[in-house]
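J.:
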Amino acid sequence: PGQISNGYSPVLDCHTAHVACKFADIQEKMDRRSGKKLEDNPKFVKTGDACIVKLEPTKPMCVESFTLYPPLGRFAVRDMRQTVAVGVIKSTIAAELPGKK
Numbered sequence: 044p045g046q047i048s049n050g051y052s053p054v055l056d057c058h059t060a061h062v063a064c065k066f067a068d069i070q071e072k073m074d075r076r077s078g079k080k081l082e083d084n085p086k087f088v089k090t091g092d093a094c095i096v097k098l099e100p101t102k103p104m105c106v107e108s109f110t111l112y113p114p115l116g117r118f119a120v121r122d123m124r125q126t127v128a129v130g131v132i133k134s135t136i137a138a139e140l141p142g143k144k
């Protein structure tokens with residue numbers, strides 16, 4: 044308790060969507076105030092830490108980068124109805140889904 048590591052799968056609330064997401068890769072831990080990088084590829088982050096993470100949703104969800112469209116760029120991470128983390132989306136990777144053209 045009190046720490047998040049790779050493989051953690053909470054619910055991500057973004058705008059009106061509630062989708063389970065997996066913390067695929069914690070890329071870097073940074074200073075909350077200055078934004079300076081403290082550590083590359085940390086094993087876990089603790090309460091009060093700031094980090095950049097790659098999240099993978101289990102279902103398709105509509106999100107956008109915070110700089111392009113702020114309402115779809117904010118999210119909250121919840122586990123058992125308790126807010127675990129909040130953040131903004133720095134970038135997105137669009138998935139190419141097979142289907143109608």
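If you use the working numbering, the sequence shown corresponds to residues 44 to 144, in order. Ideal placement from N, C-alpha and C gives every residue a C-beta, glycine not left out.
1) Roughly how many whole angstroms lie between the Cα atoms of S108 and P100?
2) Reducing DSSP to helix, strand and coil, say where L115 ends up.
3) DSSP puts A67 in a beta bridge; with which residues?
4) Do you know offhand how far Q125's Cα is from D68's?
5) What residue range is occupied by the uninterrupted beta strand (DSSP E) comprising G130?
6) If you reduce the DSSP assignment to three classes, tell me which class D38 lands in.
7) Which residue wins for smallest C-alpha separation from A138, given the options R117, C105 and T110?
T.: Quick answer:
1) Their backbone Cα atoms lie some 15 Å apart in a straight line.
2) In the structure shown, L115 adopts helical secondary structure according to DSSP, grouped into three states.
3) BP columns for A67 are empty, so no partner.
4) 22 Å
5) Q125 to V131
6) Beyond the ends of the chain as shown, which are 44 and 144, falls residue 38; an answer cannot be given.
7) C105
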